[in-house]
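Just below is one structure, and these are the notes that go with it.
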Amino acid sequence: MSKKIRAAIIGPGNIGTDLLMKAMRSEVIEPVWMVGVDPDSPGLARARDMGVKTTCDGVDGLVPHMREDNIQICFDATSAYVHADNSRKVNAEGAVMVDLTPAAIGPFCVPPVNLQDAVAAKAMNVNMVTCGGQATIPMVAAVSRVQTVTYGEIVATVSSRSVGPGTRKNIDEFTRTTAKGVELIGGAQQGKAIIVINPAEPPLIMRDTIHCLTADEPDQEAITRSVHEMVAEVQKYVPGYTLKNGPTFDGKRVSIYMEVAGLGDFLPRYAGNLDIMTAAGLRTAEMYAEEILAGRFVPAAA
Amino acid sequence: MNLQGRKIQVHDMSLRDGMHPKQHQITVQQMVDIAVAMDEAGIPLIEVTHGDGLGGASVNYGFPAASDQEYLTAVCKAVKKTKVSALLLPGIGTVDHLKMAVDCGISTIRVATHCTEADVSEQHISMASQISGLDTVGFLMMAHMIPAEELVIQLKLMESYGANCVYITDSAGYMLPDDVTERIALARAELKPETELGFHGHHNLGMGIANSLAAVDAGANRIDGSLAGLGAGAGNTPLEVFLAVCDRMGVETGVDLFKAMDVAEDLIVPLMDHMVRVDRDSLTLGWAGVYSSFLLFAKRSAAKHGLSARDILVELGRRRTVGGQEDMIEDLAMDMARERKSA
Chain A
54 MSKKIRAAII GPGNIGTDLL MKAMRSEVIE PVWMVGVDPD SPGLARARDM GVKTTCDGVD
114 GLVPHMREDN IQICFDATSA YVHADNSRKV NAEGAVMVDL TPAAIGPFCV PPVNLQDAVA
174 AKAMNVNMVT CGGQATIPMV AAVSRVQTVT YGEIVATVSS RSVGPGTRKN IDEFTRTTAK
234 GVELIGGAQQ GKAIIVINPA EPPLIMRDTI HCLTADEPDQ EAITRSVHEM VAEVQKYVPG
294 YTLKNGPTFD GKRVSIYMEV AGLGDFLPRY AGNLDIMTAA GLRTAEMYAE EILAGRFVPA
354 AA
Chain B
6 MNLQGRKIQV HDMSLRDGMH PKQHQITVQQ MVDIAVAMDE AGIPLIEVTH GDGLGGASVN
66 YGFPAASDQE YLTAVCKAVK KTKVSALLLP GIGTVDHLKM AVDCGISTIR VATHCTEADV
126 SEQHISMASQ ISGLDTVGFL MMAHMIPAEE LVIQLKLMES YGANCVYITD SAGYMLPDDV
186 TERIALARAE LKPETELGFH GHHNLGMGIA NSLAAVDAGA NRIDGSLAGL GAGAGNTPLE
246 VFLAVCDRMG VETGVDLFKA MDVAEDLIVP LMDHMVRVDR DSLTLGWAGV YSSFLLFAKR
306 SAAKHGLSAR DILVELGRRR TVGGQEDMIE DLAMDMARER KSA
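Taken in sequence, the protein lines are chains A and B. Residue 104 in our numbering sits at position 51 of the first sequence, with consecutive numbering throughout. Residue 10 in our numbering sits at position 5 of the second sequence, with consecutive numbering throughout.
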């Protein structure tokens, strides 16, 4: 077996468990620890069943073991409120933090668009934006790498069952952070994000619509090619990332209609919004792991 | 039905819901002229916002003729007695928009969610309820889609976040009077006595007046309507008609009926791009239970792809789409056009 980089997952909820299942299949990441705060957590029990060490004492329960277990990458799948604390503690032990919460204290990372930049910058904390951002920013970038996008707007429609209490309590964070990601990573001069929650049963598969307004007449052929190439890039880690319609062109407006089905590891297939987060988080960690294995990056406490 | 002596507050929607049939192109001057005339007619509360609420300016819903800030600033300055409200849909607008609207001088904020998703309004309702003197209203849309018992659970969530008034909203114009009676009556029984209760109707089945009367009878004290019915789909409950009926039944609204009729006839009707009325497509909204502002989007996509708007609307109803999913309409139309071709 080739050498793997050892990792810990903080947060044994739905996201953390799905991430664990994906990480178990990774060729370069070995999940070693699952960190929770509740001794009766079903997520910790599941992790133990999968052969992973667990602690119910939060990050403080993990820290004393990080050096001896050579943990070089941590994932935070808890909440924005505790993330900064978690990140500081694991960084101090020389591990890179991949942030799946909306805290966004590190640079945004959308793998097919700017993962290489984040890794090249050797950032010790990278943030995965939002689920809507992961699903749509690659498409904005696919247009903006062809020509100037003055305005990028995304509409994410997700099933009610796939929206957790944290997101519900602070839905503004979703719209603000996603809009910022559309600008900073998507490359639109101005970004706008809308989220719609639909309670239909059976639950609907995540849908995303992306509208870009271009500065000049859109080069239809180049944009269409760029969009298809970008879809193929995302499909490498989210096979259910599907272009349903478009790109369509109306004057200077480019519209792209996507559907995002998950792999159905722990989260149901319709929750493509959650799957794309865990898949993007793992993809990011794998890229770091490859750099570490190749000797090009040695994560260390600042 | 005996409503003699009941006092209610009517709330005009022409300058918010009425933005839908106008594709959000009502000008600031038109808004000011109408608001001043409504003020003179004694209409106590009017709503002024993009049709899809604060922050609705978008490719998805349409870019308006002016910004929410421009509309609200101008109208709030122009009116004397009439108060102004703004609508906010979490997921589209944020608390930043809410603060902006308060700074413009609104007296009422209405925070709207789909009928099953009240918990996304906690952030906005709790913030609004802490602003001194701000009338804070929770607004549950597409309320026909769940039974009364489930609806009341959601209304109580909004009440618990700090809403002093909650609304049952028939966004699709699907409800029949008994549906309204059941929902309002149960809400009235379960909510705190001091929490006000409102009903917002659409006239897609021609039930705007009947449903609003049923709501008052069952315990609602705020009723939405719009003069000449200027609103999404077949319009809102036509307010001047409702006012006339209230007058006949001895319900006190404090509005001058003839002046309201004149605003409807002289200012609103001439503004319309098309007659807002029950026709084949708006009737389909009510029959199929579809969000009223989908109407013009379905008509446009139908024309573009050689389809029938009715077919598109019926399919949107079958898929149980909710408010805000305007982007689904063109996507669905493209799918339908492709299927027709290959069939």
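Where a beta carbon is used, it is the ideal one built from N, C-alpha and C, also for glycine.
Cβ neighbours of residue i in the same chain (closer than 6 Å, five flanking residues each side left out)
i, result
"Gly147(A)", "Pro352, Ala353 and Ala354"
"Leu71(B)", "Strictly speaking, residue 71(B) in this sequence is Ala, with Leu absent from that position. Excluding positions up to five away in sequence, the list reads Val33."
"Met254(B)", "Leu8"
"Pro252(A)", "Ser213"
"Ala195(A)", "Ser279, Val280 and Met283"
"Cys81(B)", "Val89, Cys109 and Gly110"
"Ser132(A)", "Thr154 and Gly219"
Range covered by the alpha helix (DSSP H) that runs through residue i
i, result
"Phe263(B)", "Leu262 to Asp267"
"Tyr204(A)", "Unbroken run through Tyr204(A) is the beta strand (DSSP E), Val202 to Ser212; no alpha helix (DSSP H)."
"Gly114(A)", "Gly111 to Met119"
"Asn52(A)", "Here chain A covers residues 54 to 355 and nothing more, so residue 52(A) does not appear."
"Ile179(A)", "A small correction: the amino acid at residue 179(A) is Val; Ile does not occupy that position in the sequence shown. Unbroken run through Val179(A) is the beta strand (DSSP E), Asn178 to Asn180; no alpha helix (DSSP H)."
"Met254(B)", "Leu244 to Met254"
"Arg188(B)", "Pro182 to Glu195"
"Leu210(B)", "That residue, Leu210(B), is in no alpha helix (DSSP H); it is neither H nor E in DSSP."
Euclidean distance between Cα positions of residue i and residue j
i, j, result
"Gly234(A)", "Val327(B)", "26 Å"
"Glu8(A)", "Pro92(A)", "For chain A, the structure presents residues 54 to 355; residue 8(A) sits outside this window and is missing."
"Thr108(A)", "Asp102(A)", "14 Å"
"Leu103(B)", "Arg115(B)", "10 Å"
"Val281(B)", "Thr262(A)", "29 Å"
"Lys297(A)", "Gly205(A)", "19 Å"
"Pro95(B)", "Arg345(B)", "37 Å"
"Ile189(B)", "Phe247(B)", "18 Å"
"Gln288(A)", "Tyr294(A)", "6 Å"
"Asn178(A)", "Ala156(A)", "11 Å"
"Val149(A)", "Val135(A)", "17 Å"
"Gly186(A)", "Val163(A)", "8 Å"
"Thr210(A)", "Glu121(A)", "44 Å"
"Glu187(B)", "Val283(B)", "25 Å"
"Leu346(A)", "Ile82(A)", "11 Å"
"Lys313(B)", "Ala307(B)", "What sits at residue 313(B) in the sequence shown is Ser, not Lys. C-alpha separation (whole angstroms): 5 Å."
"Glu335(B)", "Ser231(B)", "29 Å"
"Val174(A)", "Thr154(A)", "The question names Val, yet the displayed sequence has Ala at residue 174(A). Near 21 Å, if we compare the C-alpha coordinates of Thr154(A) and Ala174(A)."
"Ser112(B)", "Ala153(B)", "30 Å"
"Ala11(A)", "Gly138(B)", "The displayed coordinates of chain A run from 54 to 355. Any statement about residue 11(A) would go beyond what the structure contains."
"Gln125(A)", "Ala137(A)", "18 Å"
"Ile136(B)", "Met212(B)", "36 Å"
"Arg323(B)", "Ala176(A)", "48 Å"
Beta-carbon contacts of residue i that lie in its chain and below 7 Å, excluding the five residues immediately before and after
i, result
"Ala145(A)", "Ala354"
"Phe319(A)", "Asn67, Thr70, Asp71 and Met74"
"Val221(B)", "Leu8, Arg11, Ile13, Ile228 and Val256"
"Pro300(A)", "Ile276, Thr277, Val280, Val307, Ser308 and Ile309"
"Pro165(A)", "Pro191, Met283, Glu286 and Val287"
"Ile214(B)", "Thr242, Val246, Phe247 and Val250"
"Gly234(B)", "His208, Gly240, Asn241, Pro243 and Val281"
Residue i vs residue j beta-carbon contact at 8 Å
i, j, result
"Asn226(B)", "Glu201(B)", "yes"
"Ile48(B)", "Val89(B)", "no"
"Ile13(B)", "Ile228(B)", "yes"
"Ala148(B)", "Ile173(B)", "yes"
"Gly58(B)", "Gly98(B)", "yes"
"Val100(B)", "Asp225(A)", "yes"
"Val157(B)", "Leu181(B)", "no"
"Ile207(A)", "Ala246(A)", "yes"
"Glu52(B)", "Ala91(B)", "yes"
"Cys184(A)", "Ile329(A)", "yes"
"Lys106(A)", "Val85(A)", "yes"
"Ala338(B)", "Ser297(B)", "no"
"Val199(A)", "Gly240(A)", "no"
"Pro65(A)", "Gly114(A)", "no"
Proximal residues to residue i (C-beta, below 8 Å), its chain only, five neighbours per side dropped
i, result
"Lys264(B)", "Ala42, Glu45, Ala46 and Gly47"
"Met54(A)", "Here Met54(A) scores only 47 on pLDDT, less than 50, and its place in the model should not be relied on; the value that follows carries that caveat. Excluding residues within five positions, none has a Cβ falling inside 8 Å."
"Asp183(B)", "Ala219"
"Asp286(B)", "Leu300, Ala303, Lys304, Ala314, Arg315 and Leu318"
"Lys197(B)", "Glu164"
"Ser94(A)", "Pro65 and Cys109"
"Leu288(B)", "Asn209, Leu210 and Ala239"
Supposed close pair residue i, residue j - CB separation, criterion 8 Å
i, j, result
"Ser217(B)", "Gly224(B)", "Contact flag wrong, Cβ pair sits at about 13 Å."
Span of the beta strand (DSSP E), counted from its first residue to its last, around residue i
i, result
"Asp278(B)", "Segment: none, Asp278(B) is in no beta strand (DSSP E) and carries neither H nor E."
Neighbour flag for residue i against chain D, beta carbons, 8 Å
i, result
"Thr228(A)", "Included in the structure are the protein chains A and B, with no chain D among them."
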